[in-house]
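Q: In numbering that gives the first Met the number 0, the protein residues as written are 0 to 266.
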Amino acid sequence: MNSPILIACAHGTSNAQGAAEVNALRDAIAALRPGLDVREAYVDVQQPDLVDVVAGLPADPGSVATADGGAAAGGPGTAGPSAVVVPLLLSVGYHVKVDIAKAVKSRPGTAAAAPLGPDPRLAALLDQRLREAGVTDNDAIVLAAAGSSNPNAAVSVEELADQLRALRSNRIVPAYGASAKPSVPEAVAMLREEAAGGAGAGESAGGVSVGGRVLVASYLLAPGFFHDQLAKAGADLVTEPLLPSPVLAEIALERYDAALAAHAVRS
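What follows is the structure, given as structure tokens:
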């Protein structure tokens, strides 16, 4: 039997490089799991829309097997999902809780996986991007996420920030491109004030020496609108996005497998 389809669902972007990076991520997922049907979908900006992709799934989920040949839902002959939507997103937010959840609910035999983040491997990748950018221990870092109206997204980013703090001694402040506070420019301004010994300095600086640069760590998958805005936030330096990196494809497949395992437990 075939493995369940993996619907790799991204946000969508009008940025050509960003779109190419996400397409390459889908190719990398497929390359890691030969024979797995990996399909393209988006929740905004680009086509095909996730709702249309889910609507076009095979009519009969049937009995499916996992990629390693085991049963997807508790044993041979047990029906499992015909497809798993894997969010190529970095946190639990509106698109995961509403758009993806609604699409999955509309089609029996479809399951949803967790988003890519938070994950210690993403923190390690951010640390790598910071080292590539030449960060020093005296620099302050704004961890810049896209932002969401869903408060769970901020919780995910705070968790990722703690994972990054475990790797670095720098002052690290999470901030957002939209829908959550502080904004990236606000966080940069606050850290500038700390560095100058202003009202924001002192105990809130976490005991880290002030006076260094302010860097923005781009907690974004690929170039696009939000990453472009980071250059306007007033920081000394902005790191490159997370892609390209093989880590993202590995995490995506783990989320897919975990969703199948969870479905098997419930069945």
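Note that beta-carbon positions come from the ideal geometry of N, C-alpha and C, so glycine has one too.
Roughly how many angstroms lie between the CA atoms of Ser-148 and Pro-3, to the nearest whole one?
A: In a straight line, the C-alpha of Ser-148 is about 31 Å away from that of Pro-3.
Q: DSSP state of Val-207, grouped into three classes?
A: In this predicted model, Val-207 has a pLDDT of only 44, less than 50, meaning its place in the structure is not dependable; the value taken from the coordinates is given anyway. Val-207 falls in the coil class under three-state DSSP.
Q: Rounded to a whole number of angstroms, what is the C-alpha to C-alpha distance between Ala-54 and Ser-81?
A: Looking at the two C-alpha atoms, the distance is approximately 12 Å.
Q: Just to confirm the assignment, what range does the alpha helix (DSSP H) spanning Ala-7 have?
A: Element bounds for Ala-7: not the alpha helix (DSSP H) but the beta strand (DSSP E), 4-9.
Q: Which residues in the same chain as Ile-99 place their Cβ atom closer than 8 Å to its Cβ, once the five residues preceding and following it in sequence are excluded?
A: Taken in chain order, the residues that qualify are Cys-8, Val-42, Leu-49, Val-84, Pro-86 and Ala-111.
Q: Check Arg-167 in the structure and name its three-state DSSP category.
A: Correct three-state label for Arg-167: coil.
Q: By how many angstroms is the C-alpha of Pro-57 removed from the C-alpha of Pro-107?
A: So the two alpha carbons sit approximately 11 Å from each other.
Q: In three-state terms, what does DSSP make of Glu-39?
A: It is a strand residue.
Q: Leu-241 and Leu-121 - do their beta-carbons sit closer together than 9 Å?
A: Result yes, Cβ atoms of Leu-121 and Leu-241 sit closer than 9 Å.
Q: Pop quiz: Ala-216 and Leu-129 are said to be a contact at Cβ under 8 Å. What is the actual Cβ separation, rounded to whole angstroms?
A: That pair is a contact at about 6 Å.
Q: Using the Cα positions of Val-141 and Asn-1, report the straight-line distance between them to the nearest angstrom.
A: Cα to Cα, Val-141 sits roughly 44 Å from Asn-1.
Q: Grouping DSSP H, G and I as helix and E and B as strand, with all else coil, what is Thr-30?
A: Looking at the sequence shown, residue 30 is not Thr but Ala. In the structure shown, Ala-30 sits in a helix (DSSP, three-state: H, G or I).
Q: Whole angstroms is fine: what's the gap from Ser-105's alpha carbon to Ile-6's?
A: Their backbone Cα atoms lie some 15 Å apart in a straight line.
Q: Kindly indicate which three-state DSSP category Pro-86 falls into: helix, strand or coil?
A: Residue state, collapsed to three classes: strand.
Q: Val-183: buried (16+ other C-beta within 10 angstroms of its C-beta) or exposed?
A: Buried is the call here.
Q: So which of Ser-13, Leu-220, Asp-138 and Thr-135 has the shortest CA-CA distance to Ala-23?
A: If we check each option's Cα against that of Ala-23, Leu-220 comes out closest.
Q: When burial is assigned at 16 or more other CB atoms within 10 Å of the CB, is Asp-118 buried or exposed?
A: By the 10 Å Cβ count, Asp-118 comes out buried.
Q: If I'm right that Arg-32 touches Leu-247 with Cβ under 8 Å, what's the distance once you round it to whole angstroms?
A: About 14 Å separates the two Cβ atoms, so there is no contact after all.
Q: My guess is that Gly-34 and Asn-137 are in contact by the Cβ rule of under 8 Å, so how many angstroms apart are they, rounded?
A: Not a contact, Cβ separation roughly 50 Å.
Q: Let me check one thing: in DSSP terms, what residues is Val-303 bridge-paired to?
A: An answer regarding residue 303 cannot be provided, because it is not within the stretch 0 to 266 covered by the chain.
Q: Which whole-angstrom value describes the C-beta separation of Gly-146 and Gly-176, a residue pair presumed to lie in contact below a C-beta threshold of 8 Å?
A: Confirmed, Cβ separation roughly 5 Å.
Q: Tell me the residue span of the alpha helix (DSSP H) that contains Ala-267.
A: There is no way to answer for residue 267, as the model of the chain reaches only from 0 to 266.
Q: Go through its chain and collect everything with a Cβ distance to Gln-45's Cβ below 6 Å, but skip five positions before and after it.
A: Closer than 6 Å at Cβ, skipping near neighbours: Gly-11.
Q: Is Pro-245 buried or exposed, if buried means 16 or more other CB atoms sit within 10 Å of its CB?
A: Exposed, by the Cβ-count rule.
Q: Spatial neighbours of Leu-190 within its chain, please: C-beta separation below 8 Å, excluding the five flanking residues on both sides.
A: Hits under 8 Å: Ala-139, Val-141, Arg-170, Val-172, Gly-199 and Val-213.
Q: For the alpha helix (DSSP H) containing Ala-179, name the first residue and the last one.
A: First-last for Ala-179: undefined, no H or E at that position.
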